[in-house]
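*Asks:* The structure is given below, and queries will be raised subsequently.
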Amino acid sequence: MIKKIIFIAFIAASFFMFAACPDNIKFKPKKESAVQADESEQSVKSEVSGTAFDNSQNTVKKELEEQKNPEAGVPAPFTNLKFPEYKDVEVPLITGEEYTLPEKVESDFPEYNGESIEIRNRTVFAINPGRSVLKVKIKDIPNPVNFTFNITADSKITVDRAEIKITDRIRNENSPSEYTVTVTKQSKHTQYKLGPLPEWIKCESSVTEDLKDKYKFILSNDSFFDRDAKIVFTNTEGKTLSSISVRQDGNYAVKRNYKWVKGITPPANAELKKEYNDRPAFIEWYESETTTWYNVVKLAYSGANTGFANDSNLCWAMTGANMLHWWLEQNKENIRKYMEVNNITDSAGYYNTYNRTKIDSDKSDIAQAARSCINFRAAGGDVRTLFNWYISGKNLPAGQRPNGYKDAPGYFRDIFPDTTPIVNEQYVNSKEQLESVIKEAFDKDESIAVDYFIYQSGRNGRHIVTIWGAGYDEKGNLIELWVADSNISPSKIFPMGICYKSQPYFINFSANYPTSYNIQNIVRLNTGEEHFRKYFENKK
């Protein structure tokens, strides 16, 4: 019995000592062979992007090392063992570039979709813009890897000119201007587009020679107005690569169609004086016994009678006199009837007495009355002042009357107590407004005056001139006005062009150049035919 107890105690002590030694319970696993990629392939780089597919070689190696030397007492984590894996790859390329697949790719002709690449001998060629995906098998890697190629077009070009500039203002409108432009591509894969063109620029042809594309651009010469445009070359997505600035000065030799104020007989060719071949738009129509327009010249500029040199600021009165002479002529039958109804026998002031055969000091009794009776000398005036004084009998306020002032005659005051119904003044500051007002004046059979501001260094001022006609181009654009200017002697009318610097300006055809004369106001005088008719009806 005692022996049995001693034996049991010995066995228990031996087991306790064995269990207390750590090395006696450590199991060493069998060494596993890890699948590792060749070190030379741990960082395969794209020739284009500098990056290629990623892998987890270092991570797997670290995990295997941990399995070789686990912490004491911790079972080996066999379930965490991983094969190396490559991640999917994004490769950006430009058409014409190449990419060599890594050596671990098993197939020389891997499966792919898309039409933007071609593959030959493990080399990927970027052919067309787009997106293509290769699904490849990597040696020793169980899962396939996707190579995604994003191809963009090569759009590097050079253009042989930066601008086209046409400055000759006298051109044959039936003979367009031609310009050749050469675009040089960086490679045969370069892709670009010609952007949209304005209607006056056409691309007639394009020829390709090696890497050079030659374009022939045709610019029409049918515009009276200056114009600008751009010839633009873009990439396939519409982004501008290069552009050519096009500047074409207006062609002052374009064909005209004319309109004349009511009562004006159009000129015969023999009446128009054209002395300069290089300035075909500079035309002068001198006054004669047969002309039907009116133009009173200031005596300060005519030299005919220097005793009235103090009319130098009476452009408003001379223009007003022109318009009143026209008004009396258009209403001569109404005026005859008016005098008859009212038993008026003295025709002074009622009949149009403008005499084209006399010198400027005697040509117009209305202008002479303005010089003597409402002459503000150094100060300018308003054309409506003369209309109100002559037609309606409106006197100037006592404090505003110049020396020599005489009471307003008001020859038609009982029909027109105020000239507002027949006088219209409108401010214009755009092409649309100017053309609209001039058209309305012609449609309503009115006479016209243009008031403009002169922007000149040290000599800013205003001037007003009478308009007897207008010229339009083939598209119906107003391009010139025929002007009677009281500052120019001998008496004549001539065209002045219209241009726009945001606002309308006059063009001096004698110099073929825009002036600093900013057209601002249009004054129109209506015949008042309807008012005469109502007056006579009420007199019955």
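Taken in order, the sequence shown gives residues -19 to -1, 1 to 521; the numbers are from mature numbering (1 follows the signal peptide of the UniProt record, and there is no 0).
Heads up, the beta-carbon is just placed ideally off N, CA and C, and yes, glycines get one too.
#1: Compare the beta carbon distance of SER136 and LEU222 with 7 Å and say whether it is the shorter of the two.
#2: In the structure shown, what three-state DSSP assignment does ARG365 receive?
#3: If LYS193 sits next to THR217, beta carbons under 8 Å apart, how far is it from one beta carbon to the other, in whole angstroms?
#4: Measure how close the beta-carbons of ASN258 and GLU268 come, nearest whole angstrom, since I'm counting them as under 8 Å.
#5: Residues in the same chain with beta-carbon distance under 6 Å from ASP207, minus the five sequence neighbours each way, listed in chain order, please.
#6: When burial is assigned at 16 or more other CB atoms within 10 Å of the CB, is GLN437 buried or exposed?
#7: Using 10 angstroms around the beta-carbon of VAL322, count the other beta-carbons present and answer buried if the total reaches 16, otherwise exposed.
#8: Roughly how many whole angstroms lie between the Cα atoms of ASN441 and ALA360?
#9: Let me check understanding here. Comparing Cα to Cα, which of ASN238, PRO378, ILE396 lies closest to ASP388?
#10: What's the gap between the Cα of LEU200 and the Cα of ILE372?
#11: If ILE503 and VAL409 are in contact, beta carbons under 8 Å, what's the gap, nearest whole angstrom?
#12: Do the stretch 394 to 408 and the stretch 456 to 476 make contact, defined as three or more Cβ pairs closer than 8 Å?
#13: Rounded to a whole number of angstroms, what is the C-alpha to C-alpha distance between SER158 and ASN202?
#14: If TYR433 and ASN489 are in contact, beta carbons under 8 Å, what's the gap, nearest whole angstrom?
#15: Since VAL126 sits in a beta bridge, which residues does DSSP pair it with?
#16: Going by C-alpha distance, which of THR163, ILE147, GLY219, THR148 is nearest THR139?
#17: Say whether chain C places a C-beta atom closer than 7 Å to the C-beta of LEU305.
#18: Pairing CB atoms from the stretch 464 to 483 with CB atoms from the stretch 180 to 190, are three or more of them under 8 Å?
#19: Which residue or residues does DSSP assign as beta-bridge partners of TRP266?
#20: Are the stretch 148 to 157 and the stretch 116 to 123 touching, with three or more C-beta to C-beta distances below 8 Å?
#21: Going straight from the alpha carbon of PRO390 to that of MET320, what length do you get?
#22: Just list the residues that DSSP pairs CYS296 with in beta bridges.
#23: The beta strand (DSSP E) spanning SER342 covers which residue range?
#24: Ordered along the chain, which non-local residues of its own chain (more than five positions away) have a Cβ less than 6 Å from that of TRP241?
#25: SER293 and ALA302 - do their beta-carbons sit closer together than 7 Å?
#26: What does a CB cutoff of less than 6 Å around SER491 pick up in its chain, not counting 5 residues either side in sequence?
#27: Could you give the DSSP three-state label for GLN484: helix, strand or coil?
#28: Cα-Cα, which of TRP274, ARG505, SER411 is closest to SER483?
#29: In its own chain, which residues sit with a C-beta less than 6 Å from the C-beta of PHE185, not counting the 5 before and 5 after it?
#30: Counting C-beta neighbours from all protein chains within 10 Å, is the total for ASN356 16 or more, i.e. buried, or is it exposed?
#31: Applying the 10 Å Cβ sphere with the 16-neighbour rule, what's the burial state of ASP69?
#32: Near ALA298, which residues of its chain fall below 6 Å by C-beta distance, leaving aside the five closest residues on each side in sequence?
#33: How long is the line joining the alpha carbons of PHE513 and HIS444, rounded to whole angstroms?
#34: Exposed or buried, what is LEU253 when buried is set at 16 or more other beta-carbons lying within 10 Å of its beta-carbon?
#35: Over what stretch of residues does the beta strand (DSSP E) that includes PHE106 continue unbroken?
#36: As an exercise, report each continuous beta strand (DSSP E) stretch of at least 3 residues that is fully enclosed by the stretch 119 to 179, in chain order.
*Replies:* If we stick to the structure as given:
#1: It is a contact, given that the beta carbons lie within the stated cut-off.
#2: The answer is helix: DSSP assigns ARG365 an H, G or I state.
#3: The Cβ separation is near 20 Å, so there is no contact.
#4: That pair is no contact at about 25 Å.
#5: The residues are ASP230, GLY231.
#6: With fewer than 16 Cβ atoms within 10 Å of its Cβ, GLN437 is classed as exposed.
#7: It counts as exposed.
#8: Near 14 Å, if we compare the C-alpha coordinates of ALA360 and ASN441.
#9: Checked all of ASN238, PRO378, ILE396; the closest Cα to ASP388 is PRO378.
#10: A straight line joining the alpha-carbon of LEU200 with that of ILE372 spans about 54 Å.
#11: Their Cβ separation, rounded to whole angstroms, is 6 Å, which keeps ILE503 and VAL409 in contact under 8 Å.
#12: Three or more Cβ pairs closer than 8 Å define a contact, and the stretch 394 to 408 falls short of that threshold against the stretch 456 to 476.
#13: Distance between the alpha carbons of SER158 and ASN202 is about 7 Å.
#14: With a Cβ gap of about 12 Å, TYR433 and ASN489 do not count as contacting.
#15: VAL126 is bridged by DSSP to VAL117.
#16: Answer by Cα proximity: THR163.
#17: In the displayed structure, chain C is absent; only one protein chain is listed.
#18: Note that the stretch 464 to 483 does not touch the stretch 180 to 190; fewer than 3 beta-carbon pairs, one per stretch, sit closer than 8 Å.
#19: Answer is LEU253, ILE474, bridged to TRP266.
#20: Verdict: no, contact absent.
#21: The alpha-carbon separation between PRO390 and MET320 amounts to approximately 15 Å.
#22: According to DSSP, CYS296 bridges with nothing at all.
#23: Premise fails: SER342 lies in the alpha helix (DSSP H), 341 to 344, not in any beta strand (DSSP E).
#24: Excluding positions up to five away in sequence, the list reads PRO247, GLY450.
#25: For ALA302 and SER293, no; Cβs fall outside 7 Å.
#26: Counting only Cβ-Cβ distances below 6 Å, and skipping sequence neighbours, we find PHE263.
#27: It is a strand residue.
#28: Minimum Cα distance to SER483 is reached at SER411.
#29: The sequence shown places Glu at residue 185, not Phe. Apart from the 5 residues on each side of it in sequence, GLU185 sits with its Cβ closer than 6 Å to the Cβ of LYS197, ILE199 in its chain, given in chain order.
#30: Result: buried.
#31: Exposed, because fewer than 16 other Cβ atoms sit within 10 Å of the Cβ of ASP69.
#32: Once the five neighbours on either side are set aside, the close Cβ partners of ALA298 are ALA351, LEU367.
#33: About 32 Å.
#34: Here LEU253 is exposed. Its C-beta has fewer than 16 other C-beta atoms within 10 Å.
#35: PHE106 -> beta strand (DSSP E) spans 104 to 107.
#36: Positions of the beta strand (DSSP E) runs, each at least 3 residues long and wholly inside the stretch 119 to 179, are given as 126 to 133, 138 to 140, 144 to 147, 158 to 166 in order along the chain.
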